[in-house]
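The structure appears below as structure tokens.
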Amino acid sequence: MTASIHYTIQEIAKVCKAKWISKNDLFSVLSYVSLDSRKISYPSETVFFAVKSKSGDANLFLENVFQKGVRNLVTDNENIDPANFAGANILLVKNAVSALQHLAAFHRRQFSNENLAVIGLTGSNGKTIVKEWLNQLLEKDYTIIRSPKSFNSQIGVPLSVLNISTADNLAIFEAGISQPGEMKNLEEIIKPQIGIFTNIGNAHDEGFKNIQQKIREKLLLFKNAEFVVFPSGDQRLLKEMHFFQKKNNQIQLFSWGTSTDDILKIISIKKTNSFSEIVADYNGTKFRIKIPFTDDASIENAINCWCMLFILNKNTKALRERFWSLYPIEMRLELKSGINRCHLINDSYSNDLSSLRIALDFLEQQKQHPGRTVILSDIMQSGIKPGQLYQEVASLLQQKNVNKFIGIGRDIFSHQQAFSVIASRSFFKTTGDFLKNIFLSSFHDETILIKGARQFGFERISHLLEQKVHQTILSINLTAIAYNLRQYRNRLKPTTKMMVMVKAFGYGSGSYEIASVLEFNKVDYLAVAYADEGIELRNAGITLPIMVMNTDESTFDALINFNLEPEIFSFGLLNQFSDFLKKADIEKYPVHLKIDSGMHRLGFLENEIGALADFLKHNHFIKIKTVFSHFAASDDPAEDAFTIEQFNTFTRCCRELEKSLDYRFETHIDNTAGISRHPEFQLDMVRLGIGIHGFDSSPEMQSSLKNVSTLVTTISQIKTIRAGETVGYGHKVKVKNDSVIAVAGIGYADGYSRRFGNGVGKMMINNLAVSTIGNICMDMTMLDVTEIKEVKEGEEVLVFGESLSLKTLADWAGTIPYEIMTSISQRVKRIYYEE
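Number 539 in our numbering belongs to position 209 of the sequence shown; there are no gaps in the numbering.
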């Protein structure tokens, strides 16, 4: 997370009421605020705030930040030793998050109401969509600063507000809270003159006593506002709005709905298959807008935007016509396979400096290819002079090690000299020029960020460079993986390390892509099943220590060449590897000893530990890095006695080994279920597996995890068959009544098991469950959609995801989520995204 500023460290110290721990250069101007040690581009111009959040404590990485060249640090760690940061300015504050908020509030006060109109949004749903749609509607009329993505938290809001510049004349910031007391801080930072309360729902209910308290807390954002837009249809919200206005009588309520008391009276909403037309009355005059959406949420969001146009005196015919051009908002960065062994990051929906920095951070995480390419359009309405703007963009690209740049747009074309710092560069005035003149063979083995303003139509570029596969897609939410990782970390002692399993193609989700997220989030170890999986990770740029669980003599060379650490589980393997090291003249190579504590799969038995200790005591070629074992039933409360017995066996074995060795090794036995159910067995390290994918046997832990994977396909054909006719192979499944059958483009060759056939499995169409009918085919599945209205060919079908869990599918098939995940074929397209 980064924001742009223009203050000296002295000014920051005064605003944050900080105590000086050490001083150095007090007068150079700082341009960036950073909270993430992994995302620092300009260290000499950056002030780093070491905040504590749900994702961790940044104080733990201060030395790493210092080593990167940052010399301005803000911390609430009273035990910081300035001797470790010679030459740095160190500010001690009571709370780093509060200090960041004070700085943002100070920054906001520098911009008068006459020069900057500020819109604040809150509510349960729709905040980000309304913000982005307002930007789409008004970007030709204003220079707009807005929250990147959904930066609406106690940390996200100050980072957003710190980006306000003198060029901006309209600001749009969203604010979200999860408990009482939080909105007071955000109101002091945003200070909106105009507010939008999108709606009230159940999100974050657990943080409030009741719905009344939640509404009142959210309304605090508008205590100094002049106007507040809100839908009057929810009586709870309507009542609280009037109560709030009585306490803050400067506020003018701008309600919309079907009541005669509403400022914008909705007369009619007409829906067709592809669009909606909304007719409303304002001050006795009828107006209408048309939007290319038919769902209720989009209609509500559009009306909230429309109300804002009235307040801003922008309800012109030309502006109303822009509603027809509104487009869906993609709140995620997608990583997908491209042509010629490339990967694509598709962000072809908006383009500004804030979102460009976020996209470049994501690009920087990708190390599977030697080349990094950026295809960028003109940045519209930035408020910065083009020469200065593109110098800053070029500097950003250089900082992120981009080695190929393609600029598209008349402004970039005119300022191409700014990009001379990039080794390979080319420029085109239009997207059409690019598509006519580019050779696909010029893209090979590189990661390509496609980043463009909507009007440039960069989806055509994404489609051209995308690897063509059939439309069954497995989407993997990398943000959810990082979130789930944090949930398990929060249960560990600060000293406990974490090894994460990425074997079997990352449980079917992708090996490198998952490993990259784990490395970025600083896990300690990775584990794979076979050496070739480890080699793939090394070739993709993963540098974390990697344990290989299944090794044999034929892979010893590869282990050494790619710095992989083998699991040793038998005397035969131990002797073979030791002899190999001796011949190669390699000493103290790290290995991991597997103890069989009762599962009776792989490992040394307890009665073999004495002989094992004697062997290791006199061996100079092998060094024991860790000793570990595996719980057989840590997920089952009925087997807790056996789990304890396994642990006791393991610790006895470890003690016997310790007596024979003159160095210390680390120990680990807790797996995913063990972390949540047996925290007392954490030892030096734990091994996390399916938990990062959102599955845990503990109901308490399961409730805290997020869904990671979503598998969708499409309907290839729809047909009506008569009563008595059969469906599928075998000519055995007869329909009793006339039926409508949809053929979905997924079968057992994609990993959708034959066990789901004949009504055992279900899929979701339009949020309705439909049953399979007949046997599952190799490439297709038939679904009975007789009861669904308006189903059509090409429509999306959910196989599993948020509303149809993988655990449910596993229960239907009489198996476990592991099997289904690892069975998904490699021919199924994977898309990786960050929210």
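We treat Cβ as the ideally placed atom computed from N, Cα and C, and that holds for glycine.
Distance check for residue j and residue i, CA to CA, integer angstroms please.
i	j	result
E651	Q785	16 angstroms
M571	N579	11 angstroms
Y1078	S1133	22 angstroms
I1095	L1128	7 angstroms
I524	W636	14 angstroms
L665	L674	6 angstroms
D1014	I974	17 angstroms
Q698	I811	19 angstroms
A413	S374	19 angstroms
M710	N681	7 angstroms
P1029	L815	17 angstroms
V705	G450	Reading off the sequence shown, one finds Ile at residue 705, where the question assumed Val. Cα-Cα distance, rounded: 33 angstroms.
S604	I621	9 angstroms
G537	S508	6 angstroms
S383	V847	19 angstroms
N425	I339	17 angstroms
Assuming residue i and residue j are in contact, meaning their beta carbons sit under 8 angstroms apart, how far apart are those beta carbons, in whole angstroms?
i	j	result
S454	N529	6 angstroms
V1158	L804	5 angstroms
V1065	V1057	7 angstroms
V427	V381	5 angstroms
Tell me whether residue i sits in a helix, a strand or coil according to DSSP, three-state version.
i	result
Q582	strand
T1145	coil
A416	coil
Y337	strand
L946	helix
K1036	coil
Q1047	strand
N880	strand
D1026	coil
S1069	strand
V559	strand
F961	coil
V723	helix
K616	strand
A1003	helix
H1008	coil
In terms of residues, what are the limits of the alpha helix (DSSP H) holding residue i?
i	result
M1110	Here M1110 belongs to no alpha helix (DSSP H), and DSSP marks it neither H nor E.
W350	W350 -> not in any alpha helix (DSSP H); beta strand (DSSP E) instead, spanning 349 to 352.
I520	512 to 520
R994	Taken as a continuous stretch (DSSP letters only), R994 belongs to no alpha helix (DSSP H), as it is neither H nor E.
S490	486 to 491
I502	Segment 500 to 504 is the beta strand (DSSP E) holding I502; no alpha helix (DSSP H) there.
L634	The sequence given here has Asn at residue 634, not Leu. N634 -> alpha helix (DSSP H) spans 626 to 641.
Y818	808 to 819
Using the rule of at least 16 other Cβ atoms within 10 Å of the residue's Cβ for burial, across every protein chain shown, is residue i buried or exposed?
i	result
A648	exposed
R985	exposed
E1164	buried
A971	exposed
N402	buried
H437	buried
G717	exposed
V559	buried
Q440	exposed
L823	According to the sequence shown, residue 823 is Lys rather than Leu. When all chains shown are included, K823 counts as exposed.
V770	Per the sequence shown, the amino acid found at residue 770 is Leu instead of Val. With fewer than 16 other Cβ atoms within 10 Å, it is exposed.
F901	exposed
S371	buried
F357	exposed
Please tell me whether, using a cut-off of 7 angstroms, the distance from the CB of residue i to the nearest non-hydrogen atom of the ligand FAD is below it.
i	result
I370	The ligand FAD is absent from the structure shown, which contains no ligands of any kind.
Can you tell me where the beta strand (DSSP E) with residue i in it begins and where it stops?
i	result
F305	Nothing can be reported for residue 305, as the shown portion of the chain is limited to 331 through 1165.
N676	673 to 677
V1100	1098 to 1101
F958	952 to 958
E1120	Where E1120 is concerned, there is no enclosing beta strand (DSSP E), given that its DSSP letter is neither H nor E.
G902	Here G902 belongs to no beta strand (DSSP E); instead the alpha helix (DSSP H) covers 901 to 914.
I1161	1159 to 1164
K601	594 to 601
H922	919 to 924
R476	474 to 476
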